[in-house]
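Peer 1: Questions regarding the structure given below will be posed in turn.
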Amino acid sequence: MTSLQLHPDRALPFAPEQRRVAKQIYGETKDLPLICMHGHVEAEVFAEDRPFADPAQLLIVPDHYVFRMLASQGIDLAAVGVPRADGGAVESDSRKIWRTFCENWKLYRGTPSRYWLEHELVEVFGVDLVPSAETADAIYDRIAARVAEPQFRPRALLDRFNIEVISTTDSAFSRLQQHAKLAADGLGERVLPTFRPDAVVYLDRPAWRADIAELAAVSGIDTSTYDGFLDALRQRRAAFAEAGARATDHGHLSADTTPMDVDVARDLYSRVLAGADPTGAEVAAFAAGMLYRMAEMSCEDGLVMQIHPGVLRDHNTAIAKTHGQDKGYDIPVRTEFTKALRPMLERFGTHPRFRLILFTVDETVYSRELAPIAGAYPSVRLGAPWWFLDSPEGMRRFRESATETAGFYNTSGFVDDTRAYASIPARHDLFRRVDAGYLARLVLEHRLGLDEAVETAVDLAYHLPKQSYQRG
Amino acid sequence: MTSLQLHPDRALPFAPEQRRVAKQIYGETKDLPLICMHGHVEAEVFAEDRPFADPAQLLIVPDHYVFRMLASQGIDLAAVGVPRADGGAVESDSRKIWRTFCENWKLYRGTPSRYWLEHELVEVFGVDLVPSAETADAIYDRIAARVAEPQFRPRALLDRFNIEVISTTDSAFSRLQQHAKLAADGLGERVLPTFRPDAVVYLDRPAWRADIAELAAVSGIDTSTYDGFLDALRQRRAAFAEAGARATDHGHLSADTTPMDVDVARDLYSRVLAGADPTGAEVAAFAAGMLYRMAEMSCEDGLVMQIHPGVLRDHNTAIAKTHGQDKGYDIPVRTEFTKALRPMLERFGTHPRFRLILFTVDETVYSRELAPIAGAYPSVRLGAPWWFLDSPEGMRRFRESATETAGFYNTSGFVDDTRAYASIPARHDLFRRVDAGYLARLVLEHRLGLDEAVETAVDLAYHLPKQSYQRG
Amino acid sequence: MTSLQLHPDRALPFAPEQRRVAKQIYGETKDLPLICMHGHVEAEVFAEDRPFADPAQLLIVPDHYVFRMLASQGIDLAAVGVPRADGGAVESDSRKIWRTFCENWKLYRGTPSRYWLEHELVEVFGVDLVPSAETADAIYDRIAARVAEPQFRPRALLDRFNIEVISTTDSAFSRLQQHAKLAADGLGERVLPTFRPDAVVYLDRPAWRADIAELAAVSGIDTSTYDGFLDALRQRRAAFAEAGARATDHGHLSADTTPMDVDVARDLYSRVLAGADPTGAEVAAFAAGMLYRMAEMSCEDGLVMQIHPGVLRDHNTAIAKTHGQDKGYDIPVRTEFTKALRPMLERFGTHPRFRLILFTVDETVYSRELAPIAGAYPSVRLGAPWWFLDSPEGMRRFRESATETAGFYNTSGFVDDTRAYASIPARHDLFRRVDAGYLARLVLEHRLGLDEAVETAVDLAYHLPKQSYQRG
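Chains as they are written, first to last, in this note's numbering: chain A, 769 to 1240; chain B, 769 to 1240; chain C, 769 to 1240.
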C-alpha cells in the first residue's frame, strides 16, 4: 500500500532549471495570506461555527466536481447521498458513500479534484493512505476524528488556512443576519457578504414573484413597480455595502448588457408580476437590461461588479427535477463579450468609480476578446480561470493567452470561487505554483527579470485581489 | 543521400527526464494489440484479400491527406491520378504520380502525413531512402516488390499489424455480403461492420430516393412511409448487430438532435419521396430528428452511437463535380454541442444501454462543452482526436484540454478512423507515444504516480476502446 | 539600477538541448534581409526623410499598443499626448509623457510591447537603462540625441535595419505622389504601395461620398454609377501596380464574400450616392460583394489579395469621438471563414493568377478553418500571426495549430504589419527566434531533420514572404 504524500514541488514545472527558478518565485508567495474575494461557503458556516459533519458529508455530498465524476461512470447521485429535491430516498450511510468514492479514486486521475483532495487529505486531515477499497474505512475514521476536534471548526480554520478575508455570496433579499452575528463576534471585516441579484432579475424563475415580495419585505420598499424594484435593489446594495460587501455577482447565461427602454421594462415587470408568462426573449432582454442597471448602480455606490456568464444551468431537466440545481449538469456554452458588453462599457467603462471583473468558461475569448477589452478599458479586470478552468492546464493557458495583451496588472489575481471550504488552501496554493512556473519560463527566456517575476507573483497572489475588489 | 530511419524515441518528448519516464510508459503499450473500432478500410479488402496495387495506387491516390497537400501547391488532382467523377482523363502512370509525390516531400514537413508515411516506408515496406526526385524510382520498386509478396496481402497484414479487431463502415442498405464471406472464412469476430445511415437521413442527397428503394429491397420492408422507413432501419440495425456490428456512425454537418414531431416527419418524408424538394431547413431538421431516433434505437438494440459532426463536405463544388466527394475540400465549421445534444441527452443520456461517442474537428469545444458533458452523463465518451486533429499537437492539446474535466475514463481510447490501411499501425503507435509523453509530465509534476500512469496508458491504448465499443 | 541588456538567447526556448538546436537554426536566419510586405509606415516618412521627432512622439503617441496599456490603468489618453479629434487639449510636454511611460514600465511585463521596446532601446538607440521614474530623463536625452543624427533618418534606417523591401498602405484614391517621389529618388523598388479600398467599399463611412468623388477625380473616371465605380477601382489598381504595388488589403469586419447581384449593387450604390442611408445589412452585403469583386480583379491584374477581418473598430464611440480612430479600442470578434470565403474560393480559389493571404485575430480558426482551407486551395496562404497575436506565445500557438494541416509552405512567412517603424527589426527577429524554437522541437522529437529545419526557417524568414507576395 503506497503512502499518500505531497511532493513539495508538485505542480511546478519539471525541467530542472525551470523548477529551480519557479521554486524561488513560489517560495516568496507560498506563505502569503489568502484573499478570498469570491466564493460560496455559506455565511452560516462561520456564524454558527459548528463542527463539520462526517467525511462524506464534508467532501463528497456537497462537491459537484466530485459527485458528477462518479455519476459520469454510472454511479447514481442518490447512491452517493446527493439529496433529492423530490424527497426521494438517497444513501444515508456516509461510510458506504465514502467507500464508493475511494473505490473510484482512479477516475480522478489528471483532474484538479484529485489535486485538491490529496492536498486536503494530507495537509488538512493528516491522512497518509491512498484512497482505495482497502483504505476507505481507515481514512474515514481519521477524517471523522479530525473534524470533531475544536481546531477544525470553521472559524479556527480561518486562522489555520491563513485566510485574511473571505466573501460569501448572498441573495439580494438576504437579511444579512449571519453577517450581523459575525460582525457582533468581531469577524465583520474578515467575512464579507456579496450581493447576488440573479434570482430577482430572471423573470422566469419559478420563485420570482415570491422573491420580489421578499425583496419588498426586507427592503421596506414597495416592489410592485419597476421603479420600486430598482429602489429596493439600491437599498439592498447600500445595506450590503454597510455590512462590508465589496462586490456584486451576476451569473447570467449571456454577457449581454443592452439597456432596456425604461417604459418597456416598467410594462414587462408589471405584466409578469401580475401573472403573465414572459417569453424567452423578454426574460433574456430584461436580464441584460438589469446588468446595465447594475453597472449604473456600481458607479453610484462603488460596489465592484463581477460577471460569470456562459453556463447553461441544469442541462438535464430530469436530474434538476429529482435532485435540484447545481448537480453537475451545468454545461458551458460559447460566450460572446465584445458586442455583449459594448453598451455597458461605452457608457460606464471609463467611469472612475466603476470596476468590472470578468470571468469565463469559454477559453476562446481570452486572447480574442477579454484581454483586448481589459487591455483598453480602465474599469475592467480579468478574473482568474473559473470553474472547469480552475486547474493546472487551465491556469497555464490563461496566462499564456491573456498576458501578452492584458499584461498582469489588468487581471484580478486569484479568486477561488468554491463551496468546498477545505479545498481553499489547495486552490490558492496551486495557482501560486502555476504562476511561478509561468513566470519562471519568462525569466529563463530572458523576457522578465527574476526580481520582476517575484514582485509580479506576490502581486498576483496577494495585492491584486485586494486592490481589484476595493470599493470604487 | 541521407538514409531514412525511424528514431526509436520519435514523437516522445525530448527533455531527458520526460523522455525517460515516457519511454517506460510507452514500453508497456507499444506491443499491445490494435483495437480499430472505427475506420474506412473497405470490407471488400479483407473479403477478397487481393494484393494491393502499386505504390501510387496504395499510398497517394486514395489518401486525401496526401493529395490535397499537393493540390494546395498547385498540382492538379488529375496529375496525381485522383479519379474523375465526370470520366475525364487522369494520370495513369503510377510511377509518374509517385515521382511527383517524392519531388514534393518537403511539403509534408511538420505534418502527421509525413510521420505516418515515414513509419510505413520503413516499418511496412523496408524502405531506407528519403523520398526525393532522385530516390523516387528506387522507392517505387521496393514497395512494388513488397506488395506483391503474399505476406503483404490484407489478411496477412492483420497479423503483422497486430490488429485484434477492425471495423469497416457500411451503408444502411449494405447487404453485408463481404462480412458474410468474412464470417464464413472465420474472420467474423475480427472484421466487423458499422452501420452508417447518413445517405438515407439527408433528404437532399441526389440518390436519396434510390437509396430508400434499395433500403426497402434489402430489408424487405416497405419504405414508402416514414414509419416503414424507421422499421427498415431497425431491421438493418438488427442485421448489422447479427453480423457483429458494435456501433453506428453519423457524419452530420451539425450536432443538432432536436426530435421532429412524428406527424411532421411523416408528412415531410412522404412529400420528398413523392418528388418534392425539401428546403435546407427541412433537410437539417429531418437529419437532427433522425439523430434523436437513432439514439432511441440504440437504447433498444445496444449499438454504440458515434457522431462525427462539423465538417462542411465538398466546399468546392467544382472539384466535387469533376472529382467526386472526399477530395480534400472538406472544411470544418464551428460546432455547437451543449444545446445541440440536449434533447437527446435529456431523454437518453442516463439510459443504461445507451453509449454515445463524440468526435469533433472544432477543438474549442474540448474544455468548454465536450469534457463537461462527458464528465457528467454516464452514456457519453469523448472519442479520440479526429481527422485534422489526429496528430502529435492535436492529441497533446486534446489531453491537456479535456482531461482535467472529463478525466481519462470518460474517453474512448484511440480510434484510427482511416481509409489508409498501411497507416494504421503508425497512427496507433503515435497515439501511444503522445499519451506516454503527456502522462510522463503528470508523473514528473507529481500529479500522478508512475504505476498509475502505466495503467492509464494501457487502458487508453487497449482496454478503453474495447470497453467503450461494447454493445449496451 | 539594473542595466538594460538584451540577452543573445532571449525568446529562444530555455531547455538546454532545445536552445542549442534553436540557436543553430536562428543563426542561419538572424542576418537575412527583412521582407516587409505589409505595414503602416507612411510613404511620406520615406519620401520626406525628415528626422523623427522626440522620443514620446516617436515611441508612445503613435503606438496604440503602448498607450492603450496606459489607458487600461486609468491614464487618460490626453495625458500621454494622444491627439484629440475634437481639438481638445492634450499633453504637449514630450518629456512629461515620456516620464509617465517610464514610471509605468511594469505594466508591460509579459507583453510583446516590452520585448520590442527593449530591443529598440538597446539596439536602435543604444540605451542601457531600465525605464523608471529615475531613468526617464536620461533615456529621453539619449534617444533625443540619437534621432537628431543623420544616420537615424528614415531612409538611412532602411539600410541599418537591413530592409530589402517595405510596403506602405495607401487609400484607393491616393495619388501616389510620395511613391512617385520615391521612384524618382531611386527607391521605387524598395518602398512599395499597397491598395486599400476599405474607405470606398463601406457605404456608411461618414466621408464615403466625398471619397467617391475623390476617387473620380484621381482616376479620371466618372464614379456616379456602380459600373463607373468598379472601373475607377480597376484604374487605380492598375496605377498601383504600375507604381510597384504587389498587393491589396481589406480590413473588413466579417470575411463574408457573397457576391451581390449586379443590379442590386447598382441600385444600392446609386441610392446611397444620392443621399440615402443604407441599412446595416446593406452595408455589410455591399462590402462582402466588393471582396468578391476584388478577388475577380486580382485574377485579372495579379495583385495579391490580403484580408484582415474580425476587428470591431472603435468599440468605445466616445473615445472615437474625442480622439479619433485606432486609439486602442479596437476589439476582435469571433470570425467565420469556411462559409464566408466559400463563394470567392469556389469561383476563384483555383485560378492560377489568384493569391489570397488570410489573417485573423481569432485563433480558434487556425486548426479548424484556415489550415484546412490553405491546405487545399492552391491560391491561399496563411498570413503571419497578426496584431494581438504577433507575440511569442501567439506565434508559437500559430505554428502548433496550423502546421500539421497546412504545412509550412502554405504560410506567408513573416508580415510585420506595424506603424512603429523602429520596432520592425525587433518583430522580425522575434519571429525568427520563435520559429527556431518550434523547429528545434521538431528536430529533437525526430519529426524533422536539422538540415530540413534550417531550410524551412530560411524559407519562412525570407523566401516565403517574397514568393507569397509575387504578383500573379
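For glycine and all other residues, C-beta sits at the position ideal for the given N, C-alpha and C.
Every value quoted in this text rests on a predicted model; they were computed, and no experiment measured them.
On the three-state DSSP scale, how would you describe I934(C)?
Peer 2: Along the third sequence, one-based indexing puts residue 934(C) at 166. Strand at I934(C).
Peer 1: Can you list, in chain order, the stretches of the beta strand (DSSP E) that have 3 or more residues and sit fully within the region 1052-1136 of chain C?
Peer 2: Here the runs fully enclosed are 1072-1075, 1124-1126.
Peer 1: Can you name the start and end residues of the beta strand (DSSP E) that A1149(B) belongs to?
Peer 2: In the second sequence, counting from the first residue as 1, residue 1149(B) sits at position 381. The question names Ala, yet the displayed sequence has Arg at residue 1149(B). Taken as a continuous stretch (DSSP letters only), the beta strand (DSSP E) holding R1149(B) covers 1148-1150.
Peer 1: Can you confirm whether G1143(B), when its beta carbon is compared against all beta carbons of chain A, has any partner nearer than 7 Å?
Peer 2: Mapped onto the second sequence, residue 1143(B) falls at position 375. So yes, G1143(B) belongs to the interface.
Peer 1: With burial defined as no fewer than 16 other Cβ atoms inside 10 Å of the residue's Cβ, what is the status of K1095(B): buried or exposed?
Peer 2: On the second sequence, position 327 is the one that residue 1095(B) refers to. By the 10 Å Cβ count, K1095(B) comes out buried.
Peer 1: Verify whether the separation of the beta carbon atoms of V763(C) and D1098(C) is less than 7 Å.
Peer 2: In the structure as shown, chain C starts at 769 and stops at 1240, and residue 763(C) therefore has no counterpart that could be examined.
Peer 1: Determine which residues share a DSSP beta bridge with V959(B) and list them.
Peer 2: Residue numbering aside, residue 959(B) sits at position 191 when the second sequence is read from its first letter. DSSP, once it has assigned bridges, lists I934(B) as partnering V959(B).
Peer 1: Rounded to whole angstroms, what's the CA-CA distance from S942(B) to A821(B)? Just pull it up for me.
Peer 2: If you number the second sequence from 1, residue 942(B) lands on position 174. If you number the second sequence from 1, residue 821(B) lands on position 53. Taking the straight line from one Cα to the other gives about 25 Å.
Peer 1: Of all Cβ atoms in chain A, is any one closer than 7 Å to the Cβ of G1175(B)?
Peer 2: Along the second sequence, one-based indexing puts residue 1175(B) at 407. Chain A, which has a Cβ nearer than 7 Å to the Cβ of G1175(B), makes this yes.
Peer 1: Distance check for V1148(A) and L998(C), CA to CA, integer angstroms please.
Peer 2: Taking the first residue of the third sequence as 1, we reach residue 998(C) at position 230. Taking the first residue of the first sequence as 1, we reach residue 1148(A) at position 380. Cα to Cα, the separation comes out at about 44 Å.
Peer 1: With three or more beta-carbon pairs closer than 8 Å as the criterion, would you say the region 1122-1141 of chain C touches the region 1173-1184 of chain A?
Peer 2: Not touching, per the Cβ criterion.
Peer 1: Applying the 10 Å Cβ sphere with the 16-neighbour rule, what's the burial state of H1119(B)?
Peer 2: By 1-based counting over the second sequence, the position of residue 1119(B) is 351. H1119(B) should be labelled buried.
Peer 1: In whole angstroms, what separates the C-alpha of R973(C) from that of A1086(C)?
Peer 2: What you label residue 973(C) is simply residue 205 of the third sequence in a count that begins at 1. What you label residue 1086(C) is simply residue 318 of the third sequence in a count that begins at 1. So the alpha carbons of these two residues sit roughly 17 Å apart.
Peer 1: Please determine if the region 947-965 of chain C and the region 807-819 of chain C are in contact, where contact requires at least 3 C-beta pairs separated by less than 8 Å.
Peer 2: The answer is yes - the region 807-819 of chain C touches the region 947-965 of chain C, with three or more Cβ pairs under 8 Å.
Peer 1: Quick one: list the residues of chain C neighbouring D1130(B), beta-carbon separation under 7 Å, in chain order.
Peer 2: Counting from one through the second sequence, the residue named residue 1130(B) turns up at place 362. Going along chain C in sequence order, the residues near D1130(B) (Cβ under 7 Å) are R1136.
Peer 1: Indicate whether at least one CB of chain A lies closer than 7 Å to the CB of N1178(B).
Peer 2: In the second sequence, counting from the first residue as 1, residue 1178(B) sits at position 410. It does: the Cβ of N1178(B) has a partner Cβ on chain A nearer than 7 Å.
Peer 1: Just the chain B side, please: which residues come within less than 8 Å of H1231(C) by C-beta, in chain order?
Peer 2: Sequence index remark: in the third sequence, residue 1231(C) carries index 463 (1-based). Those do not exist, as H1231(C) stays about 12 Å from chain B at its closest Cβ, beyond 8 Å.
Peer 1: Going along chain C in order, which residues have a C-beta closer than 8 Å to the C-beta of L1157(B)?
Peer 2: Taking the second sequence and counting its residues from 1, the one referred to as residue 1157(B) is at position 389. S1135, listed in chain order.
Peer 1: Just reading off the alpha helix (DSSP H) that T868(B) is part of, what are its end residues?
Peer 2: Position 100 of the second sequence holds residue 868(B). Where T868(B) is concerned, the enclosing alpha helix (DSSP H) stretches over 862-871.
Peer 1: Along the chain, where does the beta strand (DSSP E) that runs through F1016(C) open and close?
Peer 2: In the third sequence, counting from the first residue as 1, residue 1016(C) sits at position 248. The sequence shown places Thr at residue 1016(C), not Phe. Residues 1015-1018.
Peer 1: Could you check whether the Cβ of A1204(C) sits closer than 7 Å to any Cβ belonging to chain A?
Peer 2: For the purposes of this step, residue 1204(C) is identified with residue 436 of the third sequence, where counting begins at 1. No, its Cβ sits nowhere closer than 7 Å to a Cβ of chain A.
Peer 1: Where W866(C) and T1186(C) are concerned, what is the direct C-alpha to C-alpha distance, given to the nearest angstrom?
Peer 2: Position 98 of the third sequence, counted from the start, is the residue given in the question as residue 866(C). Position 418 of the third sequence, counted from the start, is the residue given in the question as residue 1186(C). Between W866(C) and T1186(C), the C-alpha separation is close to 21 Å.
Peer 1: Go to I828(C), then tell me how far its alpha helix (DSSP H) extends in each direction, as first and last residue.
Peer 2: Walking along the third sequence from the start, residue 828(C) turns up at place 60. I828(C) -> no alpha helix (DSSP H), and no H or E assigned at all.
Peer 1: Fully enclosed by the region 771-811 of chain A, which beta strand (DSSP E) runs are 3 residues long or longer?
Peer 2: Fully enclosed beta strand (DSSP E) runs of 3 or longer: 802-804.
Peer 1: Does any CB atom of chain B fall closer than 7 Å to the CB of I1099(A)?
Peer 2: Within the first sequence, numbered from 1, the residue matching residue 1099(A) stands at position 331. Taking Cβ atoms only, chain B reaches closer than 7 Å to I1099(A), which makes this a yes.
Peer 1: In the DSSP assignment, find the unbroken alpha helix (DSSP H) run with E1168(C) in it and report its ends.
Peer 2: Taking the first residue of the third sequence as 1, we reach residue 1168(C) at position 400. Here the alpha helix (DSSP H) through E1168(C) covers 1160-1174.
Peer 1: What are the residues in the region 778-800 of chain C lying within 9 Å of chain A by C-beta distance?
Peer 2: Answer in chain order: R778, A779, L780, P781, F782, A783, P784.
Peer 1: Would T936(C) pass as an interface residue toward chain B - the criterion being a Cβ-Cβ separation below 7 Å?
Peer 2: Numbered from its first residue, the third sequence carries residue 936(C) at position 168. Answer no: the Cβ-Cβ gap between T936(C) and chain B never drops below 7 Å.
Peer 1: I want to know whether the region 964-972 of chain A touches the region 902-909 of chain A - three or more CB-CB distances under 8 Å.
Peer 2: The region 964-972 of chain A is not in contact with the region 902-909 of chain A.
Peer 1: Taking only runs that begin and end inside the region 983-1037 of chain C, name each unbroken alpha helix (DSSP H) of 4 or more residues, in chain order.
Peer 2: If we require 4 residues or more, the alpha helix (DSSP H) runs fully inside the region 983-1037 of chain C come out as 994-1010.
Peer 1: Apart from the five residues just before and just after V892(C), which ones in its own chain have a Cβ nearer than 6 Å to its Cβ?
Peer 2: Along the third sequence, one-based indexing puts residue 892(C) at 124. Excluding residues within five positions, the ones whose Cβ falls inside 6 Å are A1190.
Peer 1: Given that a residue counts as buried once 16 or more other Cβ atoms are within 10 Å of its Cβ, and exposed if not, what is T1132(B)?
Peer 2: The residue you call residue 1132(B) lines up with position 364 of the second sequence. T1132(B) comes out buried.
Peer 1: Note down, in chain order, all residues in the region 1100-1122 of chain A with a beta-carbon under 7 Å from any beta-carbon belonging to chain C.
Peer 2: So the close ones are E1104, T1106, K1107, R1110, L1113, E1114, G1117.
Peer 1: Spatial neighbours of Q1074(A) within its chain, please: C-beta separation below 6 Å, excluding the five flanking residues on both sides.
Peer 2: As a working mapping, residue 1074(A) is identified with position 306 in the first sequence. If we look at Q1074(A) and ignore the five residues flanking it on each side, its Cβ neighbours are A1015, D1017, I1125.
Peer 1: Do you know whose CA, among L1041(B), E1104(B), T1179(B), F929(B), lies nearest L1232(B)'s CA?
Peer 2: On the second sequence, position 464 is the one that residue 1232(B) refers to. Among L1041(B), E1104(B), T1179(B), F929(B), the Cα nearest to that of L1232(B) is on T1179(B).
Peer 1: How about T1026(A): is its C-beta nearer than 7 Å to some C-beta of chain C?
Peer 2: Here residue 1026(A) is taken as the residue at index 258 of the first sequence, counted from 1. Chain C, which has no Cβ nearer than 7 Å to the Cβ of T1026(A), makes this no.
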